[in-house]
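Number of protein chains: 2
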Amino acid sequence: MIQDRHVQEEILREIDRTADELFAMIQELVRIPSVVGEEGRAQEWVFNLYKTLGLEAVKFVPRKEDLLQHPAYFEIGFPYNESRPNVIGICRGKGNGRSLLLNGHIDVVSPEPLEAWYEGGPWSGKIEGGRLYGRGSADMKSGLLANFFALRTLLILGLKPKGTVLLQSVIEEEAGGCGGTLACLQAGYKADAMIIPEPFDLRIITAHPGIRYFRVKVIGKTAHAGQSHLGVNAIGKLARIYDRLMELDLERAKRHRNPFFEASSGRSCNLNIGTFKAGDWVSTVAGAAQLEARISYLPEETEQSMRREVEEAVSEVVAKDPWLKEHPPVIEWFGWDAKPWTEDPEIPLIRRFEKVASEVLTFTPEIAASHAGLDTRFGPYFAMPSFTFGPRGGLLHTSNEYVDLDSVLQTTKVLAAFMADWCEI
Amino acid sequence: MIQDRHVQEEILREIDRTADELFAMIQELVRIPSVVGEEGRAQEWVFNLYKTLGLEAVKFVPRKEDLLQHPAYFEIGFPYNESRPNVIGICRGKGNGRSLLLNGHIDVVSPEPLEAWYEGGPWSGKIEGGRLYGRGSADMKSGLLANFFALRTLLILGLKPKGTVLLQSVIEEEAGGCGGTLACLQAGYKADAMIIPEPFDLRIITAHPGIRYFRVKVIGKTAHAGQSHLGVNAIGKLARIYDRLMELDLERAKRHRNPFFEASSGRSCNLNIGTFKAGDWVSTVAGAAQLEARISYLPEETEQSMRREVEEAVSEVVAKDPWLKEHPPVIEWFGWDAKPWTEDPEIPLIRRFEKVASEVLTFTPEIAASHAGLDTRFGPYFAMPSFTFGPRGGLLHTSNEYVDLDSVLQTTKVLAAFMADWCEI
Numbered sequence: 005m006i007q008d009r010h011v012q013e014e015i016l017r018e019i020d021r022t023a024d025e026l027f028a029m030i031q032e033l034v035r036i037p038s039v040v041g042e043e044g045r046a047q048e049w050v051f052n053l054y055k056t057l058g059l060e061a062v063k064f065v066p067r068k069e070d071l072l073q074h075p076a077y078f079e080i081g082f083p084y085n086e087s088r089p090n091v092i093g094i095c096r097g098k099g100n101g102r103s104l105l106l107n108g109h110i111d112v113v114s115p116e117p118l119e120a121w122y123e124g125g126p127w128s129g130k131i132e133g134g135r136l137y138g139r140g141s142a143d144m145k146s147g148l149l150a151n152f153f154a155l156r157t158l159l160i161l162g163l164k165p166k167g168t169v170l171l172q173s174v175i176e177e178e179a180g181g182c183g184g185t186l187a188c189l190q191a192g193y194k195a196d197a198m199i200i201p202e203p204f205d206l207r208i209i210t211a212h213p214g215i216r217y218f219r220v221k222v223i224g225k226t227a228h229a230g231q232s233h234l235g236v237n238a239i240g241k242l243a244r245i246y247d248r249l250m251e252l253d254l255e256r257a258k259r260h261r262n263p264f265f266e267a268s269s270g271r272s273c274n275l276n277i278g279t280f281k282a283g284d285w286v287s288t289v290a291g292a293a294q295l296e297a298r299i300s301y302l303p304e305e306t307e308q309s310m311r312r313e314v315e316e317a318v319s320e321v322v323a324k325d326p327w328l329k330e331h332p333p334v335i336e337w338f339g340w341d342a343k344p345w346t347e348d349p350e351i352p353l354i355r356r357f358e359k360v361a362s363e364v365l366t367f368t369p370e371i372a373a374s375h376a377g378l379d380t381r382f383g384p385y386f387a388m389p390s391f392t393f394g395p396r397g398g399l400l401h402t403s404n405e406y407v408d409l410d411s412v413l414q415t416t417k418v419l420a421a422f423m424a425d426w427c428e429i
Numbered sequence: 005m006i007q008d009r010h011v012q013e014e015i016l017r018e019i020d021r022t023a024d025e026l027f028a029m030i031q032e033l034v035r036i037p038s039v040v041g042e043e044g045r046a047q048e049w050v051f052n053l054y055k056t057l058g059l060e061a062v063k064f065v066p067r068k069e070d071l072l073q074h075p076a077y078f079e080i081g082f083p084y085n086e087s088r089p090n091v092i093g094i095c096r097g098k099g100n101g102r103s104l105l106l107n108g109h110i111d112v113v114s115p116e117p118l119e120a121w122y123e124g125g126p127w128s129g130k131i132e133g134g135r136l137y138g139r140g141s142a143d144m145k146s147g148l149l150a151n152f153f154a155l156r157t158l159l160i161l162g163l164k165p166k167g168t169v170l171l172q173s174v175i176e177e178e179a180g181g182c183g184g185t186l187a188c189l190q191a192g193y194k195a196d197a198m199i200i201p202e203p204f205d206l207r208i209i210t211a212h213p214g215i216r217y218f219r220v221k222v223i224g225k226t227a228h229a230g231q232s233h234l235g236v237n238a239i240g241k242l243a244r245i246y247d248r249l250m251e252l253d254l255e256r257a258k259r260h261r262n263p264f265f266e267a268s269s270g271r272s273c274n275l276n277i278g279t280f281k282a283g284d285w286v287s288t289v290a291g292a293a294q295l296e297a298r299i300s301y302l303p304e305e306t307e308q309s310m311r312r313e314v315e316e317a318v319s320e321v322v323a324k325d326p327w328l329k330e331h332p333p334v335i336e337w338f339g340w341d342a343k344p345w346t347e348d349p350e351i352p353l354i355r356r357f358e359k360v361a362s363e364v365l366t367f368t369p370e371i372a373a374s375h376a377g378l379d380t381r382f383g384p385y386f387a388m389p390s391f392t393f394g395p396r397g398g399l400l401h402t403s404n405e406y407v408d409l410d411s412v413l414q415t416t417k418v419l420a421a422f423m424a425d426w427c428e429i
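In order, the protein sequences belong to chains C and D.
With my numbering applied, the first sequence corresponds to residues 5 to 429, in that order.
With my numbering applied, the second sequence corresponds to residues 5 to 429, in that order.
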């Protein structure tokens, strides 16, 4: 606890007083496009920002050879070089307080289709009705700068934390985070706790399911459309597999219950089929088809048992179809490979954060599970407790994304007050 | 009939004697890529070839404003300009014989995927085991040059036809032929009969069904994959329409019988679904899906009744699905719009051709229907009887296309002998 409630009030007042500076800063950063894979310009901006505050600023390029050694690593496909560094800002403490890592990702998902954005487009940073619009406004340039602003506020007030504070601005979280947060932690840029202010509506997120991608490919037999009855249409074969996997989605939701995960959306786990592509040309029988799917699985499952469920479902379709028996579908597990992540909400870190947040917010933040994978999952590999707490946003990953500026201010206040408490001042 | 069988024998002997020249010529033309839309270089080559024989050679660029007036026209999408002319070679007769138009298309379909071609690739023109390989070898650069060689043979032998002979090398047949054959006929480059030596195994083709393309689009409701149960997957909605259209294909084949059309492939008509595309991203519920289909219909049907069958089938699916009722699928009829085409095999042109061909080939060529659309369908609009007769080929429109060189020689002989007979010498 901060011994002196007056100090906490001073911190909150200072943040209110300088709120417009924070909003202008977010606006400026939203205006620098940083689609995953092209984070360089925005990272340069963050690097300079960290330096203006007198932090020890570091650019760190991930080393693939190191990553390959780590069990949480999977191939993402972007090259690692000086045009895509992670940026770290270090405020060294006097050594007798707990250290804290405030992490955020600089990369954003593609703003396409551009024509679906209202006036201003994805990089406008337009402020209207208490919202700031633009790709990355919520996810998560506001959180990234809330981290910075929390530390800045303490320093301006002469309340330098006793424990070391690390700020991390990382790349490629949207693609899995291996070259970002994982690389930074592996290189030793870690602390006694990590908070990531992802836009989760001022809730404390302590878990997410395991997540994997897979594709199913089937082949048919091409023929000219004028003799289509002599071919075998791959669309029809894959449609049967689609149907069976959608049944499996319902079966899994019934079979694998978990009230904590179900609380967020009514579902413990999901199997989504995101794409279905077949055929090249209208005048030819489709000779090949493939679907791509994302499946989430619970901490109570193993990846192996989940994969077996998928593979058995596909096998059931094959068993009923002579063509597929002779031309078995191929299942490929690719891309995203996030293990289930859970943090115990009873640990001192989270109990303490909850208490400070309740004081600042005047309500007790809910503890909840995310249905999306988060960089917090890398924490346990480094014995570092982690969780997510950040602002309220809308239309994330689609057009007209926005962040609610009030919630950005609340996030900043909670982070600053907690930093003062955890690291001591 | 050619009064003197010795003259016919002289023609056939001359073609045998110069066969290697013909094959080398085909090889040279196959080596000039001429994918539909990029016919310029190959047309320049043909233009020069026509001139070497002393023909009146013309480059004719289609005029869109004229085409728009014609009932058989549909938009193809390639620009019409001097880089894509049709080429016409005219051998003016003395005015007292019947005129003959020998037409062939210079354009070929895409050779992709290139890696599926054996050594040499799509533009090799490799000759091996009596076959000549390459994109366009069968479809239809061999036929195009058989036309030329037939005329050349008569001229070399001093047997100049009394009727005018037109050679046409046309563009964009593979995309529908409007700017090619249709434009040429409309501009007055026509005759008393038209033959197109498309690669139909030395059969006389006198009919093809009507052909239309359509697409069906459905929308779903996107959601993050981690909450996929809150979305509506467009794949599943479109899969039901796919299934119903495949049933319609079988129903139509039973409902619309036509022994002449059925003789070729066992089917009177076909409904093929060539492509099925849905979703952009594995982590999002597919919010939109579309399929593209090609449907053929018989001369006994009307386009309207055929379209009604398709539309009713889709409506049946909609009637059973509350989501689709609120978000009805869109059916778009696009691209190819070929009316059914039939030529009466009893007309003097075909009876006469059949007789000459029987003499040359020592077997009577079969009269058959094509299941693909042909430029012959433009003939009736200009009161010009037309049919197709050409060599034997394999793997048309796929990798490793080839033509059987013996059949090219037979085609050339039949065309030359028929030209001497029809136009008189």
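C-beta atoms are modelled at their ideal positions from N, C-alpha and C, and glycine is treated no differently.
Segment limits, alpha helix (DSSP H) that includes Lys258 of chain C: In the first sequence, residue 258 of chain C corresponds to position 254, counting from 1. First-last of the alpha helix (DSSP H) with Lys258 of chain C: Ala238 to Arg259.
Per DSSP, the bridge partner or partners of Thr279 of chain D: As a working mapping, residue 279 of chain D is identified with position 275 in the second sequence. BP columns for Thr279 of chain D point to D:Glu296.
Please name the residue in D:Glu178, D:Lys225, D:Met250 and D:Ile354 whose C-alpha comes closest to that of Phe82 of chain D. Along the second sequence, one-based indexing puts residue 82 of chain D at 78. Taking Phe82 of chain D as reference, the option from D:Glu178, D:Lys225, D:Met250 and D:Ile354 with the minimal CA-CA separation is D:Glu178.
So, helix, strand or coil for Gly108 of chain C, using DSSP? Looking up residue 108 of chain C in the first sequence gives position 104. Three-state result, Gly108 of chain C: strand.
Inter-residue Cα distance where the pair is Phe391 of chain D and Val321 of chain C: Here residue 391 of chain D refers to the residue found at position 387 of the second sequence. Here residue 321 of chain C refers to the residue found at position 317 of the first sequence. Answer to the nearest angstrom: the Cα atoms are 47 angstroms apart.
Val289 of chain C lies in the alpha helix (DSSP H); which residues open and close that run? Walking along the first sequence from the start, residue 289 of chain C turns up at place 285. Unbroken run through Val289 of chain C: none, as it is neither H nor E.
Against chain C: residues of the stretch 346 to 364 of chain D by CB proximity under 7 angstroms: none
What residues of chain B sit near Leu234 of chain D, judged by a beta carbon separation below 9 angstroms? The chain inventory of the structure shown lacks chain B, comprising the protein chains C and D.
Touch check for the stretch 116 to 128 of chain D and the stretch 86 to 101 of chain D: three-plus C-beta pairs under 8 angstroms? no
Once the 5 residues before and after Trp337 of chain C are set aside, which same chain residues still bring their CB inside 8 angstroms of it? Along the first sequence, one-based indexing puts residue 337 of chain C at 333. Excluding positions up to five away in sequence, the list reads Arg216, Tyr217, Phe218 and Arg311.
Can you confirm whether Ala290 of chain D, when its beta carbon is compared against all beta carbons of chain C, has any partner nearer than 8 angstroms? Numbered from its first residue, the second sequence carries residue 290 of chain D at position 286. Closer than 8 angstroms: yes.
When DSSP labels each residue in this structure, what does Trp337 of chain D get in the three-state scheme? Taking the second sequence and counting its residues from 1, the one referred to as residue 337 of chain D is at position 333. Of the three classes helix, strand and coil, the one that applies to Trp337 of chain D here is strand, per DSSP.
Chain C within 8 angstroms of Ile245 of chain D, Cβ atoms only: In the second sequence, the residue the question calls residue 245 of chain D occupies position 241. Answer no: the Cβ-Cβ gap between Ile245 of chain D and chain C never drops below 8 angstroms.
Quick check on Tyr122 of chain D: buried or exposed, where buried means 16 or more other Cβ atoms within 10 Å of its Cβ? In the second sequence, counting from the first residue as 1, residue 122 of chain D sits at position 118. Flag for Tyr122 of chain D reads exposed.
Are the C-beta atoms of Lys281 of chain C and some chain D residue less than 8 angstroms apart? Looking up residue 281 of chain C in the first sequence gives position 277. Yes, Lys281 of chain C lies at the interface with chain D (some Cβ there is under 8 angstroms from its Cβ).
Can you confirm whether Gln308 of chain C, when its beta carbon is compared against all beta carbons of chain D, has any partner nearer than 8 angstroms? To locate residue 308 of chain C, count along the first sequence from 1; it is residue 304. Output row for Gln308 of chain C: interface = no.
Whole-angstrom C-beta distance between Val407 of chain C and Leu136 of chain C, which should lie under 8 angstroms: Locating residue 136 of chain C in the first sequence gives position 132, counting from the first residue. Locating residue 407 of chain C in the first sequence gives position 403, counting from the first residue. That belief holds up - the Cβ atoms of Leu136 of chain C and Val407 of chain C are roughly 5 angstroms apart, short of 8 angstroms.
Closer than 8 angstroms, CB to CB, is Arg231 of chain D near chain C or not? The count along the second sequence starts at 1 and reaches residue 231 of chain D at position 227. Residue identity check: residue 231 of chain D is Gln in the sequence provided, not Arg. Yes, Gln231 of chain D counts as interfacial toward chain C.
Using the C-alpha atoms, what's the distance from Tyr385 of chain C back to Leu400 of chain D? The residue given as residue 400 of chain D occupies position 396 in the second sequence. The residue given as residue 385 of chain C occupies position 381 in the first sequence. When rounded, the distance between both Cα atoms is 57 angstroms.
Residues that Trp285 of chain D contacts on chain C, provided the C-beta gap is smaller than 8 angstroms: Residue 285 of chain D sits at position 281 when you count from the first residue of the second sequence. Within 8 angstroms Cβ-Cβ: Gly278 and Thr279.
For Arg4 of chain C, would you say it is in contact with chain D, using Cβ-to-Cβ distances shorter than 8 angstroms as the test? Residue coverage of chain C in this structure runs from 5 to 429, which leaves residue 4 of chain C outside it and unanswerable.
Just how far apart, CA to CA, sit Ile15 of chain C and Gly101 of chain C? Residue numbering aside, residue 15 of chain C sits at position 11 when the first sequence is read from its first letter. Residue numbering aside, residue 101 of chain C sits at position 97 when the first sequence is read from its first letter. Near 19 angstroms, if we compare the C-alpha coordinates of Gly101 of chain C and Ile15 of chain C.
Residues near Arg35 of chain C by beta carbon distance below 7 angstroms, same chain, minus five either side: As a position in the first sequence, residue 35 of chain C is number 31, starting the count at 1. Contacts found: Trp127 and Gly129.
Terminal residues of the continuous beta strand (DSSP E) containing Gly93 of chain C? In the first sequence, residue 93 of chain C corresponds to position 89, counting from 1. Run containing Gly93 of chain C: Asn90 to Cys95, per the beta strand (DSSP E) assignment.
Kindly list the residues whose CB is nearer than 7 angstroms to the CB of Asp24 of chain C, restricted to its own chain and excluding five residues on each side of it in sequence; keep chain order. The residue given as residue 24 of chain C occupies position 20 in the first sequence. So the list is empty, once near-sequence residues are dropped.
Starting from Gln172 of chain D, follow its DSSP beta bridges and name the residues at the other end. For this step, residue 172 of chain D is matched to residue 168 along the second sequence. According to DSSP, which records beta bridges pairwise, Gln172 of chain D is partnered with D:Ile92 and D:Asn107.
Which of helix, strand or coil DSSP assigns to His212 of chain D: What you label residue 212 of chain D is simply residue 208 of the second sequence in a count that begins at 1. Note: His212 of chain D maps to strand in three-state DSSP.
Can you list, in chain order, the residues of its chain whose CB lies under 6 angstroms from that of Ser287 of chain C, leaving out five sequence neighbours each side? The residue given as residue 287 of chain C occupies position 283 in the first sequence. Ala229, listed in sequence order.
My output table needs one value for Ser432 of chain C: the three-state DSSP class, helix, strand or coil. Here chain C has residues from 5 to 429 only, and residue 432 of chain C is not among them.
C-beta neighbour in chain C for Met5 of chain D, strict 8 angstroms: Stepping through the second sequence from its first residue, residue 5 of chain D is reached at position 1. Here the model assigns Met5 of chain D a pLDDT of 47, short of 50, so the residue's position is not dependable, and the following value carries that caveat. Chain C contact via Cβ: absent.
Candidates C:Ile110, C:Gly97 and C:Pro213, of which the one nearest Ala376 of chain C by Cα: Here residue 376 of chain C corresponds to residue number 372 of the first sequence, with the count starting at 1. Of C:Ile110, C:Gly97 and C:Pro213, the residue nearest in Cα terms is C:Pro213.
Please report the straight-line C-alpha distance between Ser272 of chain D and Val62 of chain D, rounded to a whole angstrom. Position 268 of the second sequence, counting from 1, holds the residue named residue 272 of chain D. Position 58 of the second sequence, counting from 1, holds the residue named residue 62 of chain D. Roughly 40 angstroms between the two C-alpha positions.
Would you list, in chain order, the members of the stretch 368 to 398 of chain C that have their beta-carbon closer than 9 angstroms to a beta-carbon of chain D? Going along the stretch 368 to 398 of chain C in chain order, one finds Ser374, His375, Ala376 and Gly377 with a Cβ nearer than 9 angstroms to chain D.
Proximal residues to Gly97 of chain D (C-beta, below 6 angstroms), its chain only, five neighbours per side dropped: Indexing the second sequence from 1 puts residue 97 of chain D at position 93. Only Pro165, Lys166, Gly167 and Thr168 meet the Cβ criterion.
Using a threshold of 8 angstroms, state whether the C-beta atoms of Cys182 of chain D and Phe280 of chain D are closer than that. Translated into the one-based positions of the second sequence, residue 182 of chain D becomes position 178. Translated into the one-based positions of the second sequence, residue 280 of chain D becomes position 276. Cβ atoms of Cys182 of chain D and Phe280 of chain D: not closer than 8 angstroms.
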